[in-house]
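**Q** Before I ask anything, let me first share the structure, which is written out below as structure tokens.
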Amino acid sequence: MKTFAKLAGAALVLGTLMSTTAVYAKDIVVALVPKVAVPFFDDVNNGGKAEAEKLGVKYQWVVPANTQGATQVKVIEDLIARHVDGIGISVNEPKSVEGVIKQAMKAGIKVVTFDSDSANSGRSMYIGTVNKQAGVTMGEAMAKAVGGKGEVAIVTGQLGASNLNERIDGVKEALAKYPDIKIVATEGTEDDLAKAVSVTEALLRGHPNLAGIFGISQVGGPAVAKVLGEEEFAKHKGQLKVLAFDDLPDTIKGVKDGFIDGIMVQRPITMGKLAVEHLVAQIKGEETASKDIDTGVTVVTKDNLGSYTK
Amino acid sequence: MSLADNTPAPRGLSGSMGKLAKLRHAREFNVLIALVIMGGAISLFTPYFLTVDNLMGVSRAFSLTAIMAIGMVMVIITGGIDLSVGSAMGLAGLVTALCFDAGFGQTTAVAAGLAVGAVFGLVNGMLITAIGLPPFIATLGTLSIGRGLMYMITHGVPLTPSTPDSFALLGQGYVVPVPLPVVILLVLMVVFSLIMIHTRFGRHIYATGGNENAARLSGVKTQRVKLAVYMLSSLISSLAGVIAFSRYLSAEPASGFGSELDVIAAAAIGGASLSGGIGSVTGAVMGAALIGEIANGVVLLNINTYAQQAITGGVILIAVSLDVLRNRLKGGR
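Protein sequences, first through last, are from chains A and B. The letter at position 42 of the first sequence is residue 228 when you use the numbering used here, and the numbering goes up by one with no holes. The letter at position 142 of the second sequence is residue 144 when you use the numbering used here, and the numbering goes up by one with no holes.
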């Protein structure tokens with residue numbers, strides 16, 4: 187027992203002598219909490235884990251069992267009880283976690299949100315896609331693609347989804363600068379591929395001169411590509427400019443096949459990396475005034491299809 | 003028409019058998035008129051509605067709902083309901099995709115998809131007949147289980163395996179100029195109409211929903227009839243799922259989500275009574291056609307997307323109300 191204590195003491199002294207920061211870093215524990223298990227968050231996990239290894243801190247990935255607000259509250263309570271030093275969370279339900287995030291901050295734990303925010307929780311910062319800004323990027327890319335004039339249409343997912351509506355606001359803001367571009371229709375699809383296909387078909391029949399389509403949610407890209415592959419609409423291929431969101435396999439295939447001109451891809455790996463980086467900086471006291479970070483979107487086209495980073 | 007002679011009188015109809023025959027025909031006729039009026043109204047405002055391409059496109063779009071409505075209306079006529087049709091459809095498409103993904107041939111893949119329907123139907127039927135659960139609860143449970151399984155398998159990402167070209171024909175092919183799914187719909191419609199009108203099984207379905215006790219006392223094996231209609235409903239839905247996968251070649255995690263509402267609405271618009279005993283296969287198919295026509299019209303006419311669902315609901319209520327009022331005026335009751 188005594189020998190063990192001596193050895194441990196010696197190791198500690200040795201460690202301190204070797205590098206002062208490494209000892210601190212080794213004691214730091216940060217946890218990232220996604221919404222639920224989907225591939226998007228696998229990317230976040232990879233980014234976070236790599237950054238933690240780089241900084242030499244302990245890292246935990248805690249996946250809630252379901253998307254209910256209450257489940258994440260329980261997860262954070264557990265993390266407080268385990269005395270972790272930092273928590274990064276993608277919030278399922280902004281209101282329900284406000285209390286428990288405040289409680290964590292009070293207990294001295296640093297908290298940041300990534301991907302999905304709880305703005306009134308007192309978290310130090312939000313790291314993620316600012317959807318309105320992504321919409322602006324998309325609108326400007328479309329203006330360029332159609333040469334500043336023509337009829338365009340918006341195909342969205344659930345009509346009530348706030349992230350999608352923010353993207354639409356951004357698109358409209360960007361297009362306001364181009365008086366010759368007219369948004370002739372905005373259609374909901376309930377994120378159902380079958381519905382999105384028939385809506386797109388009807389759109390193209392009702393607006394034969396359509397110059398561009400925005401796929402605001404993840405079904406838009408695959409649906410438009412599917413329709414343009416049909417014989418009846420083959421004449422629109424190349425003529426019709428199509429911008430989509432999220433790099434699902436079918437959307438990427440649509441770019442390869444020439445049906446889709448560009449995809450707005452979010453940066454989950456960057457989100458995970460930045461969340462860990464900023465948490466550790468805050469825990470060490472190196473960062474005191476934190477500001478929100480827009481991780482932005484990459485516009486993926488045929489040219490950078492094989493080389494883009496998330 | 004001889005159907006009046008061999009169809010037992012459903013509950014709530016005090017008149018003669020002849021009246022029933024007229025009534026059922028009148029109901030289908032109403033939906034047909036609604037279809038024509040709605041089509042005419044849409045054509046007044048857009049030249050793009052009455053084109054062969056558009057009408058065929060619309061038919062293909064509503065064909066899956068209509069196919070599922072054929073199974074649903076039989077369940078509804080027995081006095082039941084099948085909320086699990088969307089899950090059976092989605093899961094069948096997904097299982098077919100999984101088989102292709104694992105390298106199986108198309109016969110195996112399609113058979114596996116249809117097997118999903120058989121399992122769904124057997125579970126629904128046993129829960130309802132052997133355990134005695136109300137159909138609403140039993141099929142609500144299997145709806146949820148099916149939906150959960152889809153998310154567990156897909157993790158929220160569509161499955162897009164490579165498939166042989168011949169398989170894609172099922173959903174994307176044509177019998178010039180009619181899309182193959184519409185041909186399948188028409189064949190199923192004729193076959194099941196004949197079954198409902200001219201076979202003993204069809205008459206037993208009406209009898210079970212008309213007055214279950216009376217039917218049982220007169221020798222109809224009502225439990226067996228119920229098991230059969232739930233099996234048929236799930237099997238037909240799984241066929242719709244296989245066709246949907248063939249059409250899109252992508253098994254979506256949300257495929258079929260909420261489609262049970264459209265399917266039930268189609269049967270109701272087509273004259274089926276949710277309290278059982280009344281309804282017809284052709285009526286349900288025309289009900290689905292009306293819903294599809296409205297969905298197409300609102301996009302062609304550029305009606306505000308936020309108003310579309312409200313308009314669809316309004317048209318459904320008006321159509322069914324007019325039907326009920328007309329029958330009352332004619333002295334049906």
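All residues carry an ideal CB built from backbone N, CA and C; glycine is no exception.
Name, in chain order, the residues that DSSP records as bridge partners for residue 274 (chain A).
**A** Per DSSP, A:218, A:298.
**Q** Looking at the strands, I want to know which residues DSSP matches up with residue 84 (chain B).
**A** DSSP output for residue 84 (chain B) lists no bridge partner at all.
**Q** With a cut-off of 8 Å, does the C-beta of residue 204 (chain A) fall near any C-beta of chain B?
**A** For residue 204 (chain A), the predicted model reports a pLDDT of 49, less than 50, meaning its position is unreliable; a value from the coordinates is still stated below. Cβ-Cβ to chain B under 8 Å: no for residue 204 (chain A).
**Q** Which residues does DSSP pair with residue 181 (chain B) in a beta bridge?
**A** Residue 181 (chain B) is bridged to B:176.
**Q** In this structure, how does DSSP classify residue 264 (chain B) when only helix, strand and coil are distinguished?
**A** Helix at residue 264 (chain B).
**Q** Which residue spans inside the stretch 194-248 of chain B form an unbroken beta strand (DSSP E) run of at least 3?
**A** Runs of the beta strand (DSSP E) inside the stretch 194-248 of chain B: none found.
**Q** Just by C-beta distance, which residues in the stretch 43-63 of chain B are closer than 7 Å to chain A?
**A** Hits within the stretch, in order: 48, 50, 55, 56, 59, 63.
**Q** Compare the Cα-Cα distances from residue 239 (chain A) to each of A:257, A:293, A:216 and report the closest residue.
**A** Checking every option, the nearest Cα to that of residue 239 (chain A) belongs to A:216.
**Q** Pick helix, strand or coil for residue 135 (chain B), following the three-state DSSP scheme.
**A** Residue 135 (chain B): coil per DSSP, three-state reduction.
**Q** For residue 404 (chain A), does the three-state DSSP call read helix, strand or coil?
**A** Looking at residue 404 (chain A) - three-state DSSP - the assignment turns out to be coil, as it is neither helix nor strand.
**Q** Could you confirm whether any beta carbon from chain A is found closer than 8 Å to the beta carbon of residue 262 (chain B)?
**A** No, its Cβ sits nowhere closer than 8 Å to a Cβ of chain A.
**Q** How is the beta strand (DSSP E) around residue 484 (chain A) delimited, first residue to last?
**A** Where residue 484 (chain A) is concerned, the enclosing beta strand (DSSP E) stretches over 484-486.
**Q** Cα separation between residue 151 (chain B) and residue 457 (chain A)?
**A** About 30 Å.
**Q** Since residue 64 (chain B) is in the beta strand (DSSP E), which residue starts that stretch and which ends it?
**A** Element bounds for residue 64 (chain B): not the beta strand (DSSP E) but the alpha helix (DSSP H), 54-79.
**Q** Sort B:197, B:246, B:261, B:220 by Cα distance to residue 234 (chain B) and report the nearest one.
**A** Here the closest residue by C-alpha is B:197.
**Q** From this set, A:317, A:344, A:459, which residue's C-alpha is nearest residue 355 (chain A)'s C-alpha?
**A** It is A:317 whose Cα lies nearest to the Cα of residue 355 (chain A).
**Q** According to DSSP, residue 245 (chain A) sits in a beta bridge with which residue or residues?
**A** Paired residue(s): A:216.
**Q** Please classify residue 164 (chain B) as buried or exposed, where buried requires at least 16 other C-beta atoms within 10 Å of its C-beta.
**A** It is exposed - the Cβ of residue 164 (chain B) has fewer than 16 other Cβ atoms within 10 Å.
**Q** Between which two residues does the alpha helix (DSSP H) carrying residue 431 (chain A) extend?
**A** Per DSSP, residue 431 (chain A) belongs to no alpha helix (DSSP H); it is in the beta strand (DSSP E), 427-431.
**Q** Closer than 6 Å by C-beta to residue 296 (chain B): which residues in its own chain qualify, once you throw out the five before and the five after it? Chain order, please.
**A** 314, 317.
**Q** Could you name the residues of the stretch 412-426 of chain A whose beta carbon sits closer than 7 Å to any beta carbon of chain B, in the order they occur along the chain?
**A** Residues passing the 7 Å Cβ filter: 412, 418.
**Q** Consult DSSP for residue 355 (chain A) and reduce its assignment to one of helix, strand or coil.
**A** Residue 355 (chain A): helix per DSSP, three-state reduction.
**Q** Are the beta-carbon atoms belonging to residue 261 (chain A) and residue 219 (chain A) less than 8 Å from one another?
**A** Yes; because the gap between Cβ atoms is below 8 Å, this pair is in contact.
**Q** Against chain A, with Cβ distances strictly below 8 Å, would residue 158 (chain B) count as a contact?
**A** Closer than 8 Å to some Cβ of chain A, the Cβ of residue 158 (chain B) qualifies, so yes.
**Q** Quick one: is residue 70 (chain B) buried, meaning 16 or more other Cβ sit within 10 Å of its Cβ, or exposed?
**A** The residue is buried, with at least 16 neighbouring Cβ atoms inside 10 Å.
**Q** Straight-line CA distance for residue 495 (chain A) to residue 91 (chain B)?
**A** Distance between the alpha carbons of residue 495 (chain A) and residue 91 (chain B): 37 Å.
**Q** Residue 400 (chain A) and residue 341 (chain A) look like a contact to me (Cβ under 8 Å); what is the Cβ gap, rounded to whole Å?
**A** Going by Cβ atoms, the distance from residue 400 (chain A) to residue 341 (chain A) rounds to 7 Å, so yes, they are a contact pair.
**Q** Assign residue 42 (chain B) to one of three DSSP states: helix, strand, or coil.
**A** Helix, per DSSP.
**Q** When the Cα atoms are used, what is the spatial distance from residue 145 (chain B) to residue 262 (chain B)?
**A** For residue 145 (chain B) and residue 262 (chain B), the distance between alpha carbons rounds to 9 Å.
**Q** Return helix, strand or coil for residue 281 (chain A), following the three-state DSSP convention.
**A** It is coil, neither helix nor strand.
**Q** With residue 192 (chain B) and residue 185 (chain B) assumed to form a contact (beta carbons below 8 Å), what rounded beta-carbon distance in angstroms separates them?
**A** With 8 Å as the limit, residue 192 (chain B) and residue 185 (chain B) do not qualify as a contact, their Cβ atoms being about 11 Å apart.
**Q** I'd like to check one pair, residue 255 (chain A) with residue 224 (chain A): are the Cβ atoms closer than 8 Å?
**A** Cβ atoms of residue 224 (chain A) and residue 255 (chain A): not closer than 8 Å.
**Q** Please list, in chain order, all residues of the same chain as residue 269 (chain B) whose beta carbon is under 8 Å from its beta carbon, the five residues on each side excluded.
**A** For residue 269 (chain B), where only same-chain residues beyond five positions count, the Cβ hits under 8 Å are 71, 74, 75, 78, 281, 285, 286, 289.
**Q** With DSSP as the reference, label residue 325 (chain B) as helix, strand or coil.
**A** Looking at residue 325 (chain B) - three-state DSSP - the assignment turns out to be helix.
**Q** Using DSSP bridges, identify the partner residues of residue 396 (chain A).
**A** Residue 396 (chain A) pairs with A:337.
**Q** Around the Cβ of residue 323 (chain B), are there at least 16 other Cβ atoms within 10 angstroms (buried) or fewer (exposed)?
**A** Under this definition residue 323 (chain B) is an exposed residue.
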